[in-house]
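Under the working numbering, read the sequence shown as residues 533 to 879, first letter to last. Structure, as structure tokens:
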Amino acid sequence: MSGRVIVVGSVNIDLVARVPHLPHPGETVTGGSYDRHHGGKGGNQAVAAARLRRPTLFIGAVGDDTFENEARRALITERVDVSMVASLPGQATGVALILVDANGENQIAVIPGANGAIEAGYARDCLARLGPLTGDVVLLCNEVPLHVVREALTCARAAGATTVLNPAPATGIDRSIFALADIITPNRNELGMLLHTEALRTGRRTDASQEIPSRARLLLEPGPEGPGVRKAVIVTLGSSGVLVIERRESGPSKAFPEAGEPANVAAAGREADGLKIWELPAERVSTLDSTGAGDAFNGALAAAIAEGRPFAQAVQRAVAAGALATTHVGAREGMPTAAELEEFLAR
């Protein structure tokens, strides 16, 4: 399999302030510096895939304001196909307000603008125009409306694509959405939110003190509202790496071949109840800014799967890309190139 990465998601202009420490509620923090960057989880993930030399297409929207052309040009410069980026009259291009402290930790507020005005029909029509998607990877985050995420996952699955859902933010996502994904990539907090929200709706109790593997597997198992994630859950754990749980019920998946597994994955992996559970540690780097790490991870994961790489190898490359992203200031600026990633992995 060697296909494209198709990202359905958000594009923003990031207004970034570096401050001595992140403010508490009601606190004013002075000092630091200010920069403007290109962002939006969808745009960042598309750039991450494109820099790894995967043909990448972006489906989304910008406003008809002064940021529109700037946002488009930034994607085009990275060789991302923007032919399916709509310009919505009367809407503003999305903006993210980001605070980063001296340790690289961040707080982010997102004003969706055009990202929140995309219609499900637009995503459906774009995917339909692309025809069969066998071999392609469709990657989604949750910075566009939920009905758009659901429709895009439904259409991508029907067209034969591998679907990857980055549930960021996790607000509002239920099984009617994540059960359409082949792979879901929550971080620790997003995993907790997905399970807590389901518990409130269904009464299915979850113990927050349970170990992450026990909680993550609930996303794969059937629940009161229906089936779980189709193939794998990857919980990103920041500097601790990732935890992966993948289905093994009917032997190795054609989409996730085993050949080429990193040795440390094979040694650490264990199987239980038709699931393979394994961990991969994070790469050690000097972190400057963690803002784009998750986007680098997801874009690199999608790119590696679209290349046809074995699943564990794809995860390994994604972990390395996420680590490399933290060594640069700015979200999109930190996305590694193919040459940088190969050199890093070789070391």
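Glycine is no exception: its CB is placed at the ideal position from the N, C-alpha and C atoms.
Alpha-carbon spacing of residue i relative to residue j, whole angstroms
i, j, result
"Pro-664", "Gly-563", "52 Å"
"Gly-802", "Asn-698", "One point to set straight first is that residue 802 is Arg, not Gly, in the sequence displayed. Each residue's Cα considered, the two are about 25 Å apart."
"Leu-856", "Pro-644", "27 Å"
"Ala-578", "Gly-824", "12 Å"
"Gly-558", "Leu-631", "15 Å"
"Ala-748", "Asp-805", "14 Å"
"Lys-786", "Gly-862", "Confidence in Lys-786 is poor, its pLDDT being 43 and thus under 50, which makes the residue's placement too unreliable to answer from."
"Gly-653", "Ile-709", "17 Å"
"Leu-844", "Leu-877", "The sequence given here has Ala at residue 844, not Leu. If I take the Cα positions, the gap works out to 14 Å."
"Val-561", "Asp-821", "18 Å"
"Glu-651", "Arg-879", "45 Å"
"Gly-535", "Ala-834", "10 Å"
"Arg-864", "Asn-576", "5 Å"
"Pro-756", "Arg-736", "8 Å"
"Glu-872", "Ala-693", "28 Å"
"Met-725", "Tyr-566", "32 Å"
"Pro-552", "Val-642", "22 Å"
"Ala-838", "Val-537", "7 Å"
"Gly-783", "Ala-764", "Its pLDDT being 40, under 50, Gly-783 is placed unreliably in this model, and the coordinates cannot settle the point."
"Pro-883", "Gly-866", "With the chain covering only 533 through 879, there is no way to say anything about residue 883."
"Val-594", "Ala-691", "26 Å"
"Ala-649", "Ala-618", "11 Å"
"Ala-700", "Gln-742", "22 Å"
"Ala-836", "Thr-666", "15 Å"
"Leu-659", "Arg-583", "23 Å"
"Arg-568", "Leu-547", "5 Å"
"Asp-657", "Phe-590", "14 Å"
"Ser-746", "Val-774", "14 Å"
"Gly-574", "Glu-675", "8 Å"
"Arg-586", "Gly-831", "10 Å"
"Pro-677", "Glu-610", "26 Å"
Paired residues, beta bridge with residue i - DSSP
i, result
"Met-616", "Ile-591"
"Ala-641", "Leu-629"
"Ser-565", "Arg-550"
"His-679", "According to DSSP, His-679 bridges with nothing at all."
"Ile-650", "Per DSSP, none; premise fails for Ile-650."
"Val-539", "Phe-590 and Leu-671"
"Leu-807", "Arg-779 and Ala-804"
"Leu-697", "Leu-672 and Ile-716"
"Ile-766", "Val-776"
"Asn-544", "Gly-571 and Gly-626"
"Gly-558", "BP columns for Gly-558 are empty, so no partner."
"Leu-812", "Val-774"
"Gly-755", "Gly-758"
Classification of residue i by the beta-carbon crowding that lies within 10 angstroms, buried from 16 upward
i, result
"Thr-734", "exposed"
"Pro-842", "buried"
"Gln-623", "buried"
"Glu-778", "buried"
"Ser-615", "exposed"
"Asn-601", "exposed"
"Ile-883", "The shown model of the chain, from 533 to 879, leaves out residue 883, and the question about it has no answer."
"Thr-598", "exposed"
"Ser-542", "buried"
"Ile-545", "buried"
"Arg-849", "buried"
"Asp-827", "buried"
"Arg-661", "exposed"
"Leu-732", "exposed"
"Thr-588", "buried"
"Glu-875", "exposed"
"Ala-799", "Note on Ala-799: pLDDT 41, under 50, position unreliable in the model; the coordinate value appears next. Per the 10 Å Cβ criterion, exposed."
"Gly-704", "exposed"
"Arg-682", "buried"
"Thr-625", "buried"
"Ala-603", "buried"
"Gly-572", "buried"
CB-CB length for residue i against residue j, believed under 8 Å
i, j, result
"Arg-762", "Asp-714", "5 Å"
"Gly-592", "Asn-647", "7 Å"
"Ala-655", "Val-696", "Wrong, their Cβ atoms sit about 15 Å apart, outside the cutoff."
"Val-776", "Val-847", "6 Å"
"Thr-819", "Thr-859", "7 Å"
"Val-851", "Leu-671", "With a Cβ gap of about 17 Å, Val-851 and Leu-671 do not count as contacting."
"Ser-606", "His-570", "At residue 606 the sequence reads Ala, which differs from the Ser that was named. That pair is a contact at about 4 Å."
"Pro-759", "Ala-684", "Actually they do not touch by this definition, with Cβ atoms about 19 Å apart."
"Ala-580", "Ala-853", "7 Å"
"Glu-730", "Ala-702", "The pair is not a contact, with the Cβ atoms about 11 Å apart (cut-off 8 Å)."
Any non-hydrogen atom of the ligand COA within 8 Å of residue i CB
i, result
"Gly-724", "Here there are no bound small molecules, and the ligand COA is not part of this structure."
(Q) Is it the case that the region 744-762 contacts the region 717-724, given that we only count it when at least three CB pairs across the two stretches are under 8 Å? (A) Counting C-beta pairs closer than 8 Å gives three or more between the region 717-724 and the region 744-762, which meets the contact rule.
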